[in-house]
Amino acid sequence: MTDILIDIQNKTHRGTLSPTIEDFSLTLHAGEFVCLVGPSGCGKTTLLNSIAGLDRDYVGNIHLSNTQNLPKIGYVFQRPCLLPWRTVSENIELVLTTHTAGQKAYVA
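Okay, so the sequence shown: first residue is -11 according to this note's numbering, each after it adds one.
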């Protein structure tokens, strides 16, 4: 395992004037366990979405060790994100579009 280095100078949501994240820096070493604790609306989910690569609209860097490529990660959303018109199987298959046939067979 390698370190994850997070350095976000500024993250502001569109339509707002004050930054959601400002001057945030964190180094996570291999094997460390970290909890993000804070009041509602302080930017915890925004930070996690940025780390996961789901929100790339920020000024700064998030990278794994000496590269800019983040590893594939598992991520559980704060709110359910299932598409109600799809079956459970179809919702699972949605994430498999980038996987190989062997990986799809393993899940099946």
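Where is the CB? At the ideal position from N, CA and C, for every residue including glycine.
Per-residue DSSP class, three states only, for residue i
| i | result |
| --- | --- |
| residue 35 | helix |
| residue 83 | helix |
| residue 64 | coil |
| residue 76 | helix |
| residue 21 | coil |
| residue 13 | strand |
| residue 48 | strand |
| residue 5 | coil |
| residue -5 | strand |
Backbone CA spacing between residue i and residue j [nearest angstrom]
| i | j | result |
| --- | --- | --- |
| residue 34 | residue 8 | 8 Å |
| residue 28 | residue 1 | 16 Å |
| residue 77 | residue -1 | 36 Å |
| residue 6 | residue 14 | 21 Å |
| residue 83 | residue 66 | 18 Å |
Own chain partners of residue i with C-beta closer than 6 Å, once the 5 adjacent residues on each side are dropped
| i | result |
| --- | --- |
| residue 49 | -5 |
Contacts around residue i, its chain only, beta-carbon distance under 7 Å, and the 5 residues preceding and following it disregarded
| i | result |
| --- | --- |
| residue 16 | -9, -8, 22 |
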